[in-house]
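Going letter by letter, the sequence shown gives residues -15 to -1, 1 to 263 in mature numbering (1 follows the signal peptide of the UniProt record, and there is no 0).
Cβ atoms here follow ideal geometry from the backbone N, Cα and C, with glycine treated the same way.
None of the values given here were measured: they were computed from a predicted structure.
Heads up: the structure comes next, in structure tokens.
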Amino acid sequence: MKLFILLASIALAKAGVPFEPINVDYHTTVGIPLAAKIEQAELAQDFDGSRIIGGSLSSVGQHPHMAGLLIRLTTGAMSMCGSTLLTNTRAVTAAHCWTTRVHQGTAIVVVLGSVNLYVGGTRVNANNIQMHPNYNMDNYNNDVAVITMPWVTYTNNIRNIPMASGSNSFAGQNAVTAGFGLIADVNGQTDRLHHVTLQVITNADCVRFYGASAVLGSTLCTSGAGGGNICTGDSGGPLVLNNQLIGITSFGAIRCEAGSPSGFARVTSFNNWITARL
């Protein structure tokens, strides 16, 4: 499953050697064009109710905490992201899914209980999004936002997930992420939810790729070795270990299949801030 998020806009450098660039114009380069392609693909086929790089198709109910986001921007364009259901009225996503230097969201459709974005499932409208006060649009530090939405009833296909807490780094453990993003660098568009298992790595290993300005103590990274990764369009989605949310998809390398690490907001670092808004 190749979930991936960002394309390049800033390059961090150390000792004259550039780090992997992080894209800070998500909606223009990823969300808007991908949302349009997914809509065309979904509407062109019969919906059967059953969708990263190196990953697998997900079935309905396999990730009941996963929620797709269709985001209306101030320009009128439609973009897309992922999110995670925490309560009947709250979901958590990446702050850059709502606000970047270039684009601002105005309304969101939260899509629950579906492996498609445009057809099926339960859909609720929301426009109350609280971004972390220290969210940095230039490097995606503290890339966390809480969505408040109308009450959603739990079913076999719609269910919340608890957040991880404590000081576990999770390094060396395998976690599962899911998303509606590309499944390949070239012609990798999909109309279904996919998932992939990724190994958590140390922040020290991740800093070597992205630099210390992008990788903080509140960042969690996964390895891109072995052919699995997040990819363009997976922003805001969940990283889950032992049925607990440990990460929120935030950033990665330009090329999903290059084997570079991927970056997530470390949920244990934001647990208190998120909980105060549930």
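- By the neighbour-count definition (other C-beta atoms within 10 Å, threshold 16), Ala92 is an exposed residue.
- Ser247 carries a strand assignment under DSSP once its states are collapsed to helix, strand and coil.
- The C-beta distance from Ile233 to Thr84 rounds to 15 Å, too long to fall under 8 Å, and the pair is not in contact.
- DSSP places Phe4 outside both helix and strand once states are collapsed to three, so it counts as coil.
- Residue pairing by DSSP puts Val131 in a beta bridge opposite Val77, Gln115.
- For Phe236, the secondary structure class from DSSP, reduced to helix, strand or coil, is strand.
- For Gln229, same chain residues with a beta-carbon under 6 Å away, outside a window of 5 residues either side, are Pro147, Ala149 in chain order.
- For the region 143 to 212, the full-length alpha helix (DSSP H) segments reaching 4 residues or more read 188 to 195 along the chain.
- Rounded to the nearest whole angstrom, the CA to CA distance from Val131 to Glu24 is 25 Å.
- For Ser68, the enclosing beta strand (DSSP E) starts and ends at 63 to 70.
- In the displayed model, Asn110 falls within a strand according to three-state DSSP.
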